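Shown next, in structure tokens, is the structure this report addresses.
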Amino acid sequence: MKLNKRLLVLSEMVNQPYNVVWDCCCDHGLLGFKILDNGLIKQVNFVDVVPELIDQLSQKLIKYADQLPADSRWQTWCIDVAKISLESNVELGTHCVSSNFSISEPVVHDRDSPAHLIIISGVGGELMIDILTGMMQRYSGHNIDFLLCPVQHTYKLRLTLIDLGFKLKQEQLVIENNRGYELMLINQMYGEPLSVTGNKLWLPEVGHEAYLSKLINHYQKINKNNRDELKVERLALKDYLSLQNRLYKKK
Ligand SMILES: C[S@@+](CC[C@H](N)C(=O)[O-])C[C@H]1O[C@@H](n2cnc3c(N)ncnc32)[C@H](O)[C@@H]1O
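Structure (structure tokens):
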């Protein structure tokens, strides 16, 4: 199965042996399948809120299971991501299907490595804020890695992540079909300060510069049409303009 560039880069960012990787908002499940196929991760749990999607994916996983490494395990869950339970699968209640499951020895982690990676990719930044805020009511302060790829509203999402105490482990900008995607690996316990504009994203490349110009145009339009409140949008415009001056304006 061929992955687009964004999903391929996300799969490559999964480069340490977590016990379980959660492919949340999985839709077609291509990302989780690729992660299992890479062989480093032995268990992927696929989660989507739409029953038909989870049914289709379960059938596909059963059909193509023999193409995966022999010790791969997977489960599919039809549930709102905000409600997943990392400790006990039984509590979920809406479990659909799993591979022939034999609980194997968990990977032995050193103190700092998280056992779980939660990937949330391909949904809007505002929905991601709701999902993460919901999850943090149960998992705040835990050593869990999150790999995020929001669609739009990244500035607002980053503000919320900073408020929730998340730190940055890695971030990358992927340009595909003239659109920019900000990929970030974060954790509440380990990492460096997370910035609102993604300080580590930007490279001296035409696509990166164009993505920043697009963000600026977007916030210029919003600020022009709405003069009152919208404080976040004003801050975003100011921060992106100053980034553009610093990184891309010719001296
Ligand atoms: C565009 S797809 C993203 C597919 C894939 N993750 C990607 O990055 O290409 C978005 C999926 O998110 C699912 N979704 C939206 N809100 C959700 C929620 N609260 N819990 C679980 N799934 C959700 C939708 O059903 C849809 O299948």
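Read in order, the letters of the sequence shown correspond to residues 578 to 828 in my numbering. All C-beta atoms, glycine included, are put in the ideal place defined by N, C-alpha and C. Just so it is clear, the structure is predicted and the values come from calculations on it, not from any experiment.
- With a cut-off of 8 Å, the C-beta of D657 is classified as near ligand 1, since at least one heavy atom of the ligand falls inside that distance.
- Using a cutoff of 8 Å, the CB of D632 does not count as near ligand 1, since none of the ligand's heavy atoms is closer than that.
- Counting every other CB atom within 10 Å of its CB across the protein chains shown gives V783 a total below 16, marking it as exposed.
- Shortest Cα-Cα distance from N800 to any of I708, L814, K791 involves L814.
- In the DSSP secondary-structure assignment, D600 is bridged to F623, I696.
- When secondary structure is reduced to three states using DSSP, L771 falls in the coil class, being assigned neither helix nor strand.
- Residue state for I612 is assigned as helix, using DSSP reduced to three classes.
- Inclusion of G699 in the 8 Å shell around ligand 1 follows from its C-beta lying nearer than that to a non-hydrogen atom of the ligand.
- V591 has its Cβ no nearer than 8 Å to any heavy atom of ligand 1.
- Counting along the chain, M761 sits inside no alpha helix (DSSP H); it lies in the beta strand (DSSP E) bounded by residues 756-764.
- In this structure, V597 keeps its C-beta atom at 9 Å or more from the C-beta atom of A659.
- Here Q747 really is in contact with M590; their C-beta atoms are around 6 Å apart, less than 8 Å.
- Beyond the five residues adjoining it in sequence on each side, S690 comes within less than 7 Å, by CB distance, of Q593 in the same chain, given in chain order.
- Put simply, the region 729-745 touches the region 692-706. At least three CB pairs are less than 8 Å apart.
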